[in-house]
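Following the working numbering, the numbering of the sequence shown begins with 2 at its first residue and continues without gaps.
The C-beta atom is built at its ideal place from N, Cα and C for all residues, glycine as well.
Reviewing the structure listed below.
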Amino acid sequence: MKRTDDDKQEPLEPEEVAGTPTVEKAITVVGWQGVRCNLPPDWNVTGFSMDRESGYLRVDSPGEGSLTVQIRWTDAAKPEVKTFYHVLAPHFRRWLRRPPPLPPKVDLKANLEKFLKDITKQAKKSGEKLEASTKSEKEEGENSERRAMNFSWTGNGRGQGKIWYCSRCNRVLVAQVLGLGREQNAIASIASRLFSSLEDHSTNGYDLWALYDLQVEIPEGFRLASQKLLSGYIQLVFQRGAERIVVDRWGLANVTLKKFSLKDWFTNHANVALKRFSVTETTEEGHERIRYVGKLTPLTRLRAVREAKLSLRNVPSCYEAETWHCPESNKIYAIQVWRHARSLDVWDEVVRRCVCH
Ligand SMILES: [Zn+2]
Ligand SMILES: [Zn+2]
Numbered sequence: 002m003k004r005t006d007d008d009k010q011e012p013l014e015p016e017e018v019a020g021t022p023t024v025e026k027a028i029t030v031v032g033w034q035g036v037r038c039n040l041p042p043d044w045n046v047t048g049f050s051m052d053r054e055s056g057y058l059r060v061d062s063p064g065e066g067s068l069t070v071q072i073r074w075t076d077a078a079k080p081e082v083k084t085f086y087h088v089l090a091p092h093f094r095r096w097l098r099r100p101p102p103l104p105p106k107v108d109l110k111a112n113l114e115k116f117l118k119d120i121t122k123q124a125k126k127s128g129e130k131l132e133a134s135t136k137s138e139k140e141e142g143e144n145s146e147r148r149a150m151n152f153s154w155t156g157n158g159r160g161q162g163k164i165w166y167c168s169r170c171n172r173v174l175v176a177q178v179l180g181l182g183r184e185q186n187a188i189a190s191i192a193s194r195l196f197s198s199l200e201d202h203s204t205n206g207y208d209l210w211a212l213y214d215l216q217v218e219i220p221e222g223f224r225l226a227s228q229k230l231l232s233g234y235i236q237l238v239f240q241r242g243a244e245r246i247v248v249d250r251w252g253l254a255n256v257t258l259k260k261f262s263l264k265d266w267f268t269n270h271a272n273v274a275l276k277r278f279s280v281t282e283t284t285e286e287g288h289e290r291i292r293y294v295g296k297l298t299p300l301t302r303l304r305a306v307r308e309a310k311l312s313l314r315n316v317p318s319c320y321e322a323e324t325w326h327c328p329e330s331n332k333i334y335a336i337q338v339w340r341h342a343r344s345l346d347v348w349d350e351v352v353r354r355c356v357c358h
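Printed below as a string of structure tokens:
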């Protein structure tokens, strides 16, 4: 499931309904595939890739603003071209009980030069001349785990960016803020905000997935399997072997809940028949919440394995779900978990780590 920059997502339409309660956020939190950053309020993710190893994220300033943030990352430990040797080597190493080799040393300067050459070439095609300047390499991070270089360029527009290599997660990241030629100060201020908050790996074992006001943390062993990002409806599906987490969020809860009870709404949208599960209904801080817990039947376990492309790792035996209505953000949330008997705290932790307002 590889996406390239050519099939970026279209920007979403903002939800606009008279009388809809809106929550004013002091910052925009963005999280995708282990990369996270903070930006000023109302910035929007307008492009992303599905691939974790080599990815892309684009975030635009609100309204008519011309500022844009672009973040790209690659896994430095993965060879770009997989040869027969690269495929077989890990098996031989396991067989001989040898440790994996150290990843190749990343030449940051060469990476940056290539990046700048590429964007200069692209600009030249449209008759634009770019002038770039780079700063020298420095070490960063609490344990000097990063090597970084700053750069900037001017042409018809201008950009201020940073490239770095993180030795903990083996990622090379390039992040830059782009804008018009006259926006030097605005670009610098966004860049300092971006670079001071940008992280390339989780530090607490959970990846933050945050876009379009959705904020949820998922254990880092889970991988994004599919997404639906529509105006008014978001779904993210994560897999770890045959275990699965499905996060759903619906907008316009006030309209929906005039026609349906929360229970009926979720019963119609859950990925399993809920009749056989035990139900608990509560109201916490004005949020109506319904929880479902129970064992999966052999047939639903089999279906989980099939949906996980026949993975027999972590075959789930338990189903847990929670749906709730957040009046402050006017949204309905649902988190469903198909988990292995051993994965006791996945559901509790994910529900607790989902920020609804
Ligand atoms: Zn890292
Ligand atoms: Zn809420």
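Does ligand 2 have even one heavy atom less than 8 Å from the beta-carbon of residue i?
| i | result |
| --- | --- |
| H202 | no |
Just checking residue i against ligand 1 - is the residue's beta carbon closer than 8 Å to any of the ligand's heavy atoms?
| i | result |
| --- | --- |
| E54 | no |
| C38 | no |
| E1 | Only positions 2 to 358 of the chain appear in this structure, which leaves residue 1 out of reach. |
| E146 | yes |
| R172 | yes |
| R73 | no |
| L169 | Here residue 169 turns out to be Arg, not Leu, going by the sequence shown. Within the cutoff, so yes. |
Go ahead and label residue i buried or exposed: buried means 16 or more other beta carbons lie within 10 angstroms of its beta carbon, across all protein chains shown.
| i | result |
| --- | --- |
| P220 | buried |
| K338 | According to the sequence provided, residue 338 is Val. The question's Lys does not apply to it. Buried is the call here. |
| Q240 | buried |
| R353 | exposed |
| M2 | Only weak support exists for where M2 lies, its pLDDT of 37 falling under 50; the value from the coordinates is given anyway. M2 should be labelled exposed. |
| N186 | exposed |
| V256 | exposed |
| P317 | buried |
| T204 | exposed |
| G287 | exposed |
| L311 | exposed |
| L58 | buried |
| V70 | buried |
| V351 | buried |
| L231 | exposed |
| N45 | buried |
| R245 | buried |
Give me the Cα-Cα distance between residue i and residue j, rounded to the nearest whole angstrom.
| i | j | result |
| --- | --- | --- |
| W266 | N157 | 51 Å |
| L303 | P41 | 46 Å |
| V175 | V347 | 32 Å |
| R183 | F152 | 18 Å |
| A271 | L117 | 48 Å |
| F49 | L275 | 34 Å |
| K110 | G162 | 14 Å |
| E141 | G32 | 21 Å |
| V356 | L212 | 12 Å |
| E282 | V36 | 35 Å |
| Y207 | S344 | 14 Å |
| H336 | L113 | What sits at residue 336 in the sequence shown is Ile, not His. Spanning the two alpha carbons is a distance of roughly 41 Å. |
| R429 | T29 | In the structure displayed, the chain extends from 2 to 358; residue 429 sits before or after that span and is not available. |
| F278 | K264 | 13 Å |
| E260 | P328 | The question names Glu, but residue 260 is Lys in the sequence shown. The straight-line gap from Cα to Cα measures roughly 16 Å. |
| R314 | L300 | 17 Å |
| S127 | D119 | 13 Å |
| I188 | E323 | 42 Å |
| M51 | I291 | 31 Å |
| L131 | Q177 | 15 Å |
| Y334 | K115 | 44 Å |
| L199 | C38 | 4 Å |
What residues in its chain sit with their C-beta under 7 Å from that of residue i, if we drop five residues either side in the sequence?
| i | result |
| --- | --- |
| D359 | Since the first and last residues shown for the chain are 2 and 358, residue 359 lies out of range. |
| E129 | G156 and N157 |
| A27 | P42 |
| R148 | L109, E138, E140, W165 and Y166 |
| W210 | G32, W33, V217, I219 and L237 |
| D201 | G35, V36, W74, C167, C170, R172 and L174 |
| V273 | T301 and Y320 |
Give me, in chain order, the residues of the same chain whose beta-carbon lies closer than 8 Å to that of residue i; leave out the 5 immediate sequence neighbours on both sides.
| i | result |
| --- | --- |
| L181 | S67, G158 and R159 |
| E285 | none |
Near residue i, which residues of its chain fall below 6 Å by C-beta distance, leaving aside the five closest residues on each side in sequence?
| i | result |
| --- | --- |
| P63 | D43 |
| E321 | V294, V338 and W348 |
| Q34 | R53 and G56 |
| A305 | A243, P317 and W339 |
| A192 | Q161 and V178 |
Verify the CB distance criterion: does residue i have a CB-CB separation below 9 Å to chain D?
| i | result |
| --- | --- |
| E129 | In summary, chain D is missing from the structure at hand, where a single protein chain is found. |
Does ligand 4 have even one heavy atom less than 8 Å from the beta-carbon of residue i?
| i | result |
| --- | --- |
| C319 | Of the ligands one can find in the structure shown, namely ligand 1 and ligand 2, none is ligand 4. |
Relative to ligand 2, what is the chain-ordered list of residues with a Cβ closer than 7 Å to any of its non-hydrogen atoms?
Taking each Cβ in turn, the ones that pass are H288, C327, E329, S330, C357 and H358.
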